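Colleague: Starting off with a structure, shown below.
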Amino acid sequence: MDLRTGALKWSGNELRAQVTKAARGLGYDWGRAKYLGESVLRAERNGLSALTSFLQLTDTLDTGPSRLLHSTLLKGDIVTVDVVDLGIALIDCLPGLDFQTPVAFDVVGFPLFLGILCYGLTGTDRALQIEIDDIECVVQAERILVGRESPFQGLCWLRSCPRRFDDWRLVSRFEVTDTDAETLDHLASRVYAPATEASRLVGAGAGLNDND
Amino acid sequence: MIAMREPDEVMRLDRLGSLHASRLSFLRILLRRIQEERWSFQRTVFDIGADCTGDAVYTAHSPHRSYSLIVFAHQLNPEHRTDRVIANAWDATFTLFDGIPSAEDIDRLRSNVPLQEAGRLSASELTMSRANKSVRLWDAVVAALAAGTQPPVEEIDDTGYLMRTTAVYGSGKFGACDREMILDRPELQPAFQAEMLTVLMIRQFARDWLEHEAYLKAPDSAVRLDESLATRLGIGNSTGLGMAPFLINHPVLIDHWVRARETAIARVKAIIKVAPCDRELVMHLLRRARADFALWQSADEAQSATIEELIRDVDTLIGWIEVHPLHATSWADAMRFAKTELCLEAQEILASVMLEPYSNLVDELASGMAVAECELMPVNGSLTVGESIAQIDDSYDWLDDIQWKDAHATALLWYVSEEKLEPRLGFRAEDAFEAYEQPLAPARDITAYRQALSEWPSDATLAEFLMRQPEHRLASMRVQWIASNRYGEIRGNTIDAGLRPIDLLRCKLSFFGATRFDPRSDRWLRITLYRHAPYLDQIVEADPFWIYGPVH
């Protein structure tokens, strides 16, 4: 609880850490789990509900190797693939893609997709313009500018665009509903080893009462 | 400019486990700022009742902002007293509040801070901490003061602290303010400054609380703790495995810490003509350090032997400097001598002490000891497999020394227990926890990554490789980070049967500014922070070299 407002509020570090652990709990390797933690945080900092879209997708995400082909990805063929797979594969290729010619993708799970792209642009001065139906977004390192709420699913066109220098206000506290918090906790708990007496006694290398 | 020491020399576990505090340690950075900016401190609340429980507030006023330590003092049932993370009760609990708290703020925090991990903080809180009284020292000192006497200095030195923190949480933990939100404040920009300020004010509270208890016991006879004795008391800390993953999980940050120190060392080694006053200062501080090392006690046999060797080698070093001609000897010569003739601990105390006269060469490096998010980039998938293998071979040639077929090379595994999320270290062959293994074995994982890459065409892109073998993404990202942050990787196997996690802990603690490292096993140790430091009302005028102990 945020004890001033009465709403359940998390810090950014808590959100990032818990999504990372939840992603690992879903079966992702630690690398992609880390990407998801970073991506959800970036989207949420920009006021987008990427945590919700991540949790909505959890039943359908494929945690195995990508079903994309590298050549398919570069051509931007319309393929049906989950947003984590598409987003991470796309940002792996970002240094080699100039997007001077618009490329189209069919995306399910939009706010999260924008967060993944935002993370992919970390440390660069590039910006991407993304059209989803008739909604226009600009994504660059740390910043996502969305005209209005994007649909969860839709055909999007990516092209490069100039960086924007608007004075964005980033969100620093994150409202997480009880239900979402419980779901995250449940998934994250899969990475913790069960509490056993043997672990308690020797795992930390200290006695139970090491006072002085 | 003389070349910096290579990562292969610096980042070995045995050397990291021999580091000492320096001008670039975080608590020294904080105290220098307090002195330069002439901060003031106020105890605005000290509402401790007859049962020695209650609240206190200490406020630090910097030129532009104030920060307040809010204290909740408790009575702890002896059977609940433990330094482990799994504890649920403590003698005192603390939070560092951003500004000056209102009565409502204190009420809100009273419902949460004593619960520690089970409580919730808000964006107004920067840290949360807890501490226990030293069983060895507290009651004895209270009894002495209540009787109107001072405790023996030997008792003070044997323990070295009145209270011992068992965790100091910061940066967003349990709902507290994220570090990213306060990075525009110069006083909090260097690493761990909020945590160091918290501990500094806890030290003041510990003294005040102790003297108050003595007064309550015997109002007519009690005396205050003598200033010279009080100064010999720092704040203890029990540090366990939780700190080790931090070093492995933050390679870019660790690179920046070590790089700053190594840059400082290289700058000082490059001085061709050492001024007599600078040489005298180093000699003076080595003697002070030596005297303090003589009081450094450890129950650990290996550490005790190391301390003896260190004292002997510091004597040798002082003798070597004394007999060498004043203008024909540089710090580079001294470091060369130390490297060939002295133990690692002595080499590293020389490296720390020789920085002391050169604030102009060293202190500005502190601003580079933090990491911006833009430095933590995702994988560049446009590299080819061949280029990625070359990166590994360039930074990780030391992996060839590890015999992975030997069972001892993978004997350990790191995991987090569901019990208060305590980080623990298990035995792969004995504990059924492999499914819960944390990614804290970069040596093994990068060896596997290189092996997998070698089975691909060298002109394939890393993006293609990771599409098919995503399990190597974390190792891939790490290799790319280390290529430009070469001091970020610990050059050792963190799951080897022979691992001493305390070497990792000591590295981080030396950057905090800890002294009196006292291993209690190979997995946890006690240390002291701020021993010999001035108290809050004396900082501005204090000896800048306080950490080396009193002037004899």
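Chains as they are written, first to last, in my numbering: chain A, 1 to 212; chain B, 1001 to 1552.
Glycine included, each C-beta is placed from N, C-alpha and C at the ideal position.
Being a predicted model, the structure only gives us computed values, none of them experimental.
Am I right that A141 of chain A and S1417 of chain B are in contact with their C-beta atoms under 8 Å? What's the rounded C-beta distance?
Modeller: 37 Å between Cβ atoms; not a contact.
Colleague: Determine the closest residue to L1200 of chain B out of B:P1442, B:A1460, B:I1034, with distance taken between C-alpha atoms.
Modeller: Among B:P1442, B:A1460, B:I1034, the Cα nearest to that of L1200 of chain B belongs to B:I1034.
Colleague: With a threshold of 8 Å between beta-carbons, can C1374 of chain B be considered close to chain A, or not?
Modeller: Yes, C1374 of chain B lies at the interface with chain A (some Cβ there is under 8 Å from its Cβ).
Colleague: Quick check on the burial criterion: 16 or more other C-beta atoms within 10 angstroms. Buried or exposed for V138 of chain A?
Modeller: Result: buried.
Colleague: Is there a C-beta anywhere in chain A that falls below 8 Å from the one on H1408 of chain B?
Modeller: Closer than 8 Å: no.
Colleague: Using CA atoms only, rank isn't needed, just tell me which of B:M1467, B:T1306, B:I1502 is closest to I1527 of chain B.
Modeller: Checked all of B:M1467, B:T1306, B:I1502; the closest Cα to I1527 of chain B is B:I1502.
Colleague: To the nearest angstrom, how far is it from the Cα of A1441 of chain B to the Cα of W1257 of chain B?
Modeller: Straight-line Cα distance between these residues: approximately 21 Å.
Colleague: State the Cα-Cα distance for the pair W1404 of chain B and V108 of chain A, rounded to the nearest angstrom.
Modeller: For W1404 of chain B and V108 of chain A, the distance between alpha carbons rounds to 43 Å.
Colleague: Counting only beta-carbon atoms, is N1485 of chain B nearer than 8 Å to chain A?
Modeller: No, no contact with chain A.
Colleague: Quick one: grab the DSSP three-state call for D85 of chain A.
Modeller: D85 of chain A falls in the helix class under three-state DSSP.
Colleague: Tell me the DSSP secondary structure of V1045 of chain B in three-state form.
Modeller: Of the three classes helix, strand and coil, the one that applies to V1045 of chain B here is strand, per DSSP.
Colleague: Using the Cβ count rule (16 or more neighbours within 10 Å means buried), how would you classify N1237 of chain B?
Modeller: Classification for N1237 of chain B: buried.
Colleague: Please report the straight-line C-alpha distance between M1335 of chain B and L1350 of chain B, rounded to a whole angstrom.
Modeller: Distance between the alpha carbons of M1335 of chain B and L1350 of chain B: 7 Å.
Colleague: For chain A, is any of its Cβ atoms less than 8 Å away from the one on T1561 of chain B?
Modeller: Residue 1561 of chain B lies beyond the residue range present for chain B, which begins at 1001 and ends at 1552; the question has no answer from this structure.
Colleague: Go ahead and pull the three-state DSSP assignment for W157 of chain A.
Modeller: Note: W157 of chain A maps to strand in three-state DSSP.
Colleague: When burial is assigned at 16 or more other CB atoms within 10 Å of the CB, is F1427 of chain B buried or exposed?
Modeller: So F1427 of chain B ends up on the exposed side.
Colleague: Per the contact definition of three or more C-beta pairs closer than 8 Å, is the segment 1052 to 1062 of chain B in contact with the segment 1370 to 1388 of chain B?
Modeller: They do not touch, by the three-pair rule.
Colleague: Are the CB atoms of A1305 of chain B and A1191 of chain B within a distance shorter than 8 Å?
Modeller: Cβ atoms of A1191 of chain B and A1305 of chain B: not closer than 8 Å.
Colleague: Just the Cα atoms here: how many angstroms apart are A1411 of chain B and Q1438 of chain B?
Modeller: Distance between the alpha carbons of A1411 of chain B and Q1438 of chain B: 14 Å.
Colleague: Under 8 Å: do the segment 1262 to 1280 of chain B and the segment 1389 to 1401 of chain B share three or more Cβ pairs, one atom per stretch?
Modeller: No, because fewer than three Cβ pairs between the segment 1262 to 1280 of chain B and the segment 1389 to 1401 of chain B fall closer than 8 Å, the two stretches do not touch.
Colleague: Take G1017 of chain B and list the residues in its own chain whose beta-carbon comes closer than 6 Å to its own, dropping the five residues that flank it on each side.
Modeller: Within the same chain, G1017 of chain B has close Cβ partners D1503, R1506.
Colleague: Compute the Euclidean distance between the alpha carbons of S1221 of chain B and S1066 of chain B, then round it to the nearest angstrom.
Modeller: When rounded, the distance between both Cα atoms is 37 Å.
Colleague: May I have the straight-line CA-CA distance separating N46 of chain A from T52 of chain A, to the nearest angstrom?
Modeller: About 14 Å.
Colleague: Got a sec: is the Cβ-Cβ distance from A50 of chain A to anything in chain B below 8 Å?
Modeller: Closer than 8 Å: no.
Colleague: Is there a Cβ from chain A that is less than 8 Å from the Cβ of E1301 of chain B?
Modeller: Judged by the 8 Å Cβ criterion, E1301 of chain B is not in contact with chain A.
Colleague: Taking F1041 of chain B as the query, report the chain A residues whose CB atoms sit under 8 Å from its CB, ordered along the chain.
Modeller: The premise fails here: F1041 of chain B is roughly 27 Å from chain A at the closest Cβ pair, so nothing lies under 8 Å.
Colleague: Run through DSSP, which three-state label would E1489 of chain B get?
Modeller: Coil.
Colleague: In terms of residues, what are the limits of the alpha helix (DSSP H) holding G25 of chain A?
Modeller: Looking at the DSSP string, the run of the alpha helix (DSSP H) that includes G25 of chain A is 12 to 26.
Colleague: Checking contacts by CB at 8 Å: is N46 of chain A closer than that to chain B?
Modeller: Cβ-Cβ to chain B under 8 Å: no for N46 of chain A.
Colleague: When you compare the segment 1128 to 1138 of chain B with the segment 1076 to 1093 of chain B, are there three or more beta-carbon pairs, one atom per stretch, that lie closer than 8 Å?
Modeller: These segments touch.
Colleague: Tell me whether I1539 of chain B sits in a helix, a strand or coil according to DSSP, three-state version.
Modeller: Helix, per DSSP.
Colleague: What residue does the beta strand (DSSP E) around H1061 of chain B start on, and which one ends it?
Modeller: H1061 of chain B -> beta strand (DSSP E) spans 1054 to 1061.
Colleague: For my contact list, A1260 of chain B and L1024 of chain B are in at a C-beta cut-off of 8 Å; report their separation, rounded to the angstrom.
Modeller: 6 Å between Cβ atoms; contact.
Colleague: Could you check whether the Cβ of S160 of chain A sits closer than 8 Å to any Cβ belonging to chain B?
Modeller: No, no contact with chain B.
Colleague: Flag L26 of chain A as yes if its beta-carbon sits less than 8 Å from any beta-carbon of chain B, otherwise no.
Modeller: Not closer than 8 Å to any Cβ of chain B, the Cβ of L26 of chain A fails to qualify, so no.
Colleague: Looking at the structure shown, is A1098 of chain B part of a helix, part of a strand, or coil, going by DSSP?
Modeller: Checking the sequence, you will find Asp at residue 1098 of chain B rather than Ala. Correct three-state label for D1098 of chain B: strand.
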